[in-house]
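Be aware that the sequence shown starts at 4, since it is given in my numbering, and climbs by one per residue.
Structure first, then comments.
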Amino acid sequence: MPAKRRLIVSCAAALALSLLAGGGIAGRPTSGPDSVDGAAPGPARTAGATAHGAYLDYGPEGVGRMADLSRWLGGAELRVGHTYLPGDLWVNIEGAPRFLDAWAEWRRADEDRMFVLNVPMLERNEERLPDEEVRTLLRAGAAGEYDEHFTRLAERLVGLGVPDTVIVLGWEMNGTTYTHRCGPDPASWKAYWERIVTAMRAVPGQEFRFDFTPSRGRDAVPWTECYPGDDVVDIVGMDSYDQPPGETFDDQVADPYGLQKHVDFAAEHGKPISFPEWGLFRNGDNPAYMRRMLEWIDRHDPLYQTVTDYCPHGVWQCTSNPRSSEVFRTMMTSMAAPSGPTPDPTPTVTPDPSPAPPEPAPSPSPAATPSVRPSPPVAPASPAPGNEAPPSRGWCVTVPFAHWLGPRLREREICFRR
């Protein structure tokens, strides 16, 4: 992910009109049906009920950018706020003090909004622990050793007034990126998931929905082997970036564990679908992918979708994908149009969104999951003398730049302000 940069948005009416003429907008004819699109319809839902959003930043900056992105999309209705809990220490997986406050405030401001929170299942979640150690940790979780951490998280979310949070628990479990991966012991992983859900559902006042979200494709293990059961899953999601397996979008649909399987599997289990993470990646600025993915979303009506908007995946905060950005803006302006009066469509220049999230290091192989992201802002359990937490309107975090950008860059402290 990039260091600090300025975001320049260039808008041209002629380009917008040409894209409109090309079709692919909700309610308009598309370029034709997907050659392999024959998915079951899934649970009955109101047409066009998809809640749209984007991942824009972990902390309060992400909340603030929601309004800017909506304006860039001509006033499009963005109803989903999406962030991730830190996966370094249990105290942060429990909901670090002040980390969730801004998101909870945003969610409470409108009853139609949805808060989506990715929750790691284990601490040291991005430390590349060996399979043997992961297996031991999964078995400990399945035996109930970590229940208390998830009970505390559930109590914190209820206390913040967001008891209906969508919990994306143990995401991309079919890969190798995270400690909370399924591959070393699928049976224990499924039992551990069940314990977490049971512990969080036991908290009075909760209305959580739990989203089972693998990455597209087989990856290290078929994601169907990790499914913990209909009684402890509410949504079947998929993280899907423009990368192998699948050279073309049709390939990404037809892959044995691809987009078609995702929709069919959810329908078989009576669950709505979601796309918590998706976007561009190894194929670069690919407007054909962007159009086809948005058409797929529009056709299959997921409960929610949140595009990953940082480089190399994004289209608003990332200037590296101008053609895909034009497609996204044109189609999303229609797909997420507000239900009230039509907003002024005059293009606006997006303000510099402050330091954008750092760029992820390339995955070790083309088939590896792309969504390696930096650790979110961490609230230290015991600040060192002279490094106490700032006042309640902000916090400081130590960011491991070397982990993402190479050993030449040392850790730095960054302060976040509302």
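Backbone N, C-alpha and C define an ideal beta-carbon position, used for all residues, glycine too.
When M124, G77, R219 are compared, the shortest CA-CA separation from E197 is found for M124.
H152 carries a helical assignment under DSSP once its states are collapsed to helix, strand and coil.
One thing to note: G232 has its Cβ no nearer than 7 Å to the Cβ of D258. A112 counts as exposed, since fewer than 16 other C-beta atoms from the protein chains shown sit within 10 angstroms of its C-beta.
Setting aside the 5 residues that flank it on each side, D134 is surrounded in the same chain by P187, each with a C-beta closer than 6 Å to its C-beta; the list follows chain order. For G240, the enclosing beta strand (DSSP E) starts and ends at 238-240. Residues of the same chain with a CB within less than 6 Å of the CB of G240, apart from the 5 flanking positions on each side, are D214, T216, S277, P279 in chain order. Annotated three-state conformation of W319 is coil, per DSSP. Cβ contact annotation for I199 (same chain, cutoff 7 Å, sequence separation greater than five): M124, F153, L172, in chain order. When only Cα atoms are considered, A143 and P290 end up about 46 Å apart. Shortest Cα-Cα distance from T309 to any of G78, A190, Y87 involves Y87.
For R294, the closest of Y307, G98, D245, S323 by C-alpha to C-alpha distance is D245.
Taking the C-beta atoms as reference points, D150 is found nearer than 7 Å to A202. In terms of CA proximity to D312, R68 leads the group R302, Q209, A107, R68. Under the three-state reduction of DSSP output, F215 falls in the strand class. In this model, D222 and N177 are separated by some 6 Å (Cα to Cα). Taken through DSSP and simplified to helix, strand or coil, V119 comes out as strand.
DSSP places Y307 outside any alpha helix (DSSP H); the residue lies instead in the beta strand (DSSP E), whose first and last residues are 307-311.
Shortest Cα-Cα distance from V94 to any of D267, R127, K264 involves R127.
Residues of the same chain with a CB within less than 7 Å of the CB of H316, apart from the 5 flanking positions on each side, are Y244, G282, L283, F284 in chain order. In the three-state DSSP reduction, Y292 falls in the helix class (H, G or I).
In the three-state reduction of the DSSP assignment, H183 falls in the coil class, being assigned neither a helical nor a strand state. With respect to the 7 Å criterion, G98 and V161 are not classified as neighbours on the basis of their beta carbons. Just so you know, the alpha carbons of I238 and K274 end up roughly 5 Å apart. Residue burial annotation: D115 is exposed, with fewer than 16 other C-beta atoms found within 10 angstroms of its C-beta.
Non-local beta-carbon contacts of E228 in its own chain, meaning distances under 7 Å to residues more than five positions away in sequence, involve P189 in chain order.
Excluding its 5 nearest sequence neighbours in each direction, E80 has C-beta neighbours in its own chain below 8 Å: H55, S73, A339, A340, P341, S342, listed in chain order.
Excluding the 5 residues flanking it on each side, H272 has same chain C-beta neighbours closer than 6 Å at D233, in chain order. Sorting D104, E130, A270 by C-alpha distance to the C-alpha of D304 places A270 at the top. Under a 10 Å Cβ-count criterion, G147 is classified as exposed, with fewer than 16 other Cβ atoms of the shown protein chains found around its own Cβ.
Going by beta carbons, I170 and F118 fall outside the 7 Å limit. The alpha helix (DSSP H) runs of length 4 or more contained entirely in the region 198-282 are, from start to end of the chain, 252-257, 262-271. Rounded to whole angstroms, the gap between the alpha carbons of V122 and W174 is 8 Å. For T139, the enclosing alpha helix (DSSP H) starts and ends at 134-145.
For T86, the enclosing beta strand (DSSP E) stretches over residues 83-87.
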